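> Have a look at this one before I ask anything.
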Amino acid sequence: MAERNWMYNGWHYGSAPSDEWIEKTNMFLDHAFSIPDLVQDGSIKCPCGRCRNYMRHTRDIIEAHLCKFGFKENYETWTAHGEEHIRNNEPVSPLAHEEGFDQPDRMDEMLLDIGAVQPPGIDEEPTSSASAFYRMVDGANESVHDNTMHTSLSAIARLLALKSEYNMSIAHYDDTLQLIHELLPPDSKLAEDFYHSKKLLQGLGVNKYAV
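Residue numbers for the sequence shown follow this note's numbering, so the first one is 41 and each next one is one higher.
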């Protein structure tokens, strides 16, 4: 949509956003936070290029993320922030299904659950299990390598979503990951195979999703 070109024309990685981008981003956030159904505990889905509407944050964090990472690609229709999936008289984008506009992504729900989960026994002073849990969350939120906005968690979530959507076998998934690893720096933090991918999710307390 031409009227939303500002989302991408006004922001470039490593540079200050334009005045128009800042003004209209604030208007976007004002609108999103004014819709009660979208807000949970003062947070909404973060549409930045890193969180991709998978994680919820408060407004100040979303503002910082958008300034650093920009908006997720192909998000001219704000489906997670109060707009209809497809506007009237507007042609369906060929990316609509790929971007998850047709139906909610199970990985989206999974990642929101991770953001809300707390390890058992946590109180004022974190227990050893709680501390271990938070270390695992911090590790999962590290970038896969220095030149990407994807974290270990977001990358594996995308890959497992593809595995589910296309009914990939474990062998196919492992072969795909092996090729990806050959393209990445040796010290990348991406899970090695399906076993370690599933172990990452289970370690974060996500056991109810079939992958």
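Note that beta-carbon positions come from the ideal geometry of N, C-alpha and C, so glycine has one too.
These numbers were taken from a predicted model, which means no experiment stands behind them.
Classify residue 65 as helix, strand or coil using the three-state DSSP reduction.
Here residue 65 is taken as the residue at index 25 of the sequence shown, counted from 1. DSSP places residue 65 in helix when its eight states are reduced to three.
> Compute the distance between the beta-carbons of residue 111 and residue 76, then report whether it is under 8 Å.
Numbered from 1 along the sequence shown, position 71 holds the residue referred to as residue 111. Numbered from 1 along the sequence shown, position 36 holds the residue referred to as residue 76. Not closer than 8 Å, so no.
> Do you know whose CA, among 223, 233 and 48, lies nearest residue 113's CA?
In the sequence shown, residue 113 corresponds to position 73, counting from 1. For the residues 223, 233 and 48, the minimum Cα distance to residue 113 belongs to 48.
> Determine whether the beta carbon atoms of residue 122 and residue 71 lie at a separation below 8 Å.
Taking the sequence shown and counting its residues from 1, one reaches residue 122 at position 82. Taking the sequence shown and counting its residues from 1, one reaches residue 71 at position 31. Yes.
> Alpha carbon to alpha carbon, how far is residue 217 from residue 242?
Locating residue 217 in the sequence shown gives position 177, counting from the first residue. Locating residue 242 in the sequence shown gives position 202, counting from the first residue. Residue 217 and residue 242: Cα-Cα distance of roughly 19 Å.
> Going by the beta-carbon positions, is the gap between residue 94 and residue 194 smaller than 8 Å?
Within the sequence shown, residue 94 is the residue found at index 54, counting from 1. Within the sequence shown, residue 194 is the residue found at index 154, counting from 1. Against a cut-off of 8 Å, the Cβ pair of residue 194 and residue 94 comes out as a contact.
> Alpha carbon to alpha carbon, how far is residue 63 from residue 222? Give it in angstroms, no decimals.
Mapped onto the sequence shown, residue 222 falls at position 182. Mapped onto the sequence shown, residue 63 falls at position 23. Computed Cα separation, rounded: 42 Å.
> What residue from 200, 69, 120 and 190 has the CA that sits closest to residue 90's CA?
Start at 1 with the first residue of the sequence shown, and residue 90 comes out as number 50. Closest by alpha carbon: 190.
> Taking the alpha carbon of residue 235 as the point to measure from, which residue in 85, 45, 200 and 65 has its own alpha carbon closest?
Within the sequence shown, residue 235 is the residue found at index 195, counting from 1. Of 85, 45, 200 and 65, the residue nearest in Cα terms is 200.
> Following the continuous alpha helix (DSSP H) through residue 196, name the residue where it begins and the one where it ends.
Position 156 of the sequence shown holds residue 196. From DSSP, the alpha helix (DSSP H) with residue 196 extends over 192-205.
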